[in-house]
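Here's the structure, in structure tokens; my notes come after.
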Amino acid sequence: MNMVELDDYHRAIKEAQQTFPDVRVLAGLECEDFEDCRSFYEDEILGQRNFDYLIGAGHFTPLRDQWEDSYFGMTSAAKLRAYSDHLCDLTESSLYLFIAHPDVFGLSSGHWNEDLKACSQDILAAAEANQKPLEINGGGIRKLAQRSGEEAHPGFPLREFWEVASDYRVTVVCNSDAHQPDHAMASIKECVQYAEELGLTIASDEELGIKLL
680 MNMVELDDYH
690 RAIKEAQQTF
700 PDVRVLAGLE
710 CEDFEDCRSF
720 YEDEILGQRN
730 FDYLIGAGHF
740 TPLRDQWEDS
750 YFGMTSAAKL
760 RAYSDHLCDL
770 TESSLYLFIA
780 HPDVFGLSSG
790 HWNEDLKACS
800 QDILAAAEAN
810 QKPLEINGGG
820 IRKLAQRSGE
830 EAHPGFPLRE
840 FWEVASDYRV
850 TVVCNSDAHQ
860 PDHAMASIKE
870 CVQYAEELGL
880 TIASDEELGI
890 KLL
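When the sequence shown is numbered by our numbering, its final residue is 892 and no position is left out of the sequence of numbers.
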């Protein structure tokens, strides 16, 4: 979403809240964690606009004074270290309710290796230390379901990442990652089943600060 769309997005949320008073409609944003934007997120989005929550995301990775796409080319130990360092910073910030698709680095590699494992361990240790929930992404599940044969991997959720996660005291959020209205609740059931298969703990409403009506 471009900045010019923010007002329309906020207006649409307010209209939905008024139109469906029996449904709790929360205002949220998934945000790229640029350090120079954090004050804007805090003062404008959470402050003046009174949004309910922000989701931290690492679609891009800071590396050598530039931003690298986290979805491609994440195959070297240096890039994976930069990615894990970036996500560790996100877990330490009180701005974000949870961290979106922490396992997207797996899109770059066809096979699990020690560098991927080390990246996973760093992220999971930080999430555990900061009690920051991590997202199992329903959008990734939908994309995987559309592939077959050799194209079925790489993808996310990255199963090896979540298998390692089962060794840490972390919680997860099952999220549809809807980019269109008919995906609003899509893949939630599959995300929950995925978490249960691996013995992962789903974050409670209390942990997420959600008060039931």
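Just so you know, even glycine gets a beta-carbon here, dropped at the ideal spot from N, CA and C.
| query | Contact between the segment 715-726 and the segment 743-759: three or more CB pairs below 8 Å? | reply | no
| said: The beta strand (DSSP E) that contains Tyr732, what's its start and end? | reply: Tyr732 to Ala736
| Do the segment 690-699 and the segment 708-715 touch if we need at least three Cβ pairs shorter than 8 Å? | no
| Using the C-alpha atoms, what's the distance from Leu776 back to Ala757? | Computed Cα separation, rounded: 28 Å.
| message | Looking only at its chain, what residues have a beta carbon closer than 6 Å to the beta carbon of Cys853, apart from the 5 residues adjacent to it on each side? | response | Ile815, Ile867, Cys870 and Val871
| said: Nearest by alpha-carbon distance to Gly818: which of Phe835, Thr740 and Leu742 is it? | reply: Phe835
| query | What are the boundary residues of the alpha helix (DSSP H) that Thr770 is part of? | reply | Counting along the chain, the unbroken alpha helix (DSSP H) around Thr770 starts and ends at Ala756 to Glu771.
| Residue interval of the alpha helix (DSSP H) (run including Gln697) | Leu685 to Thr698
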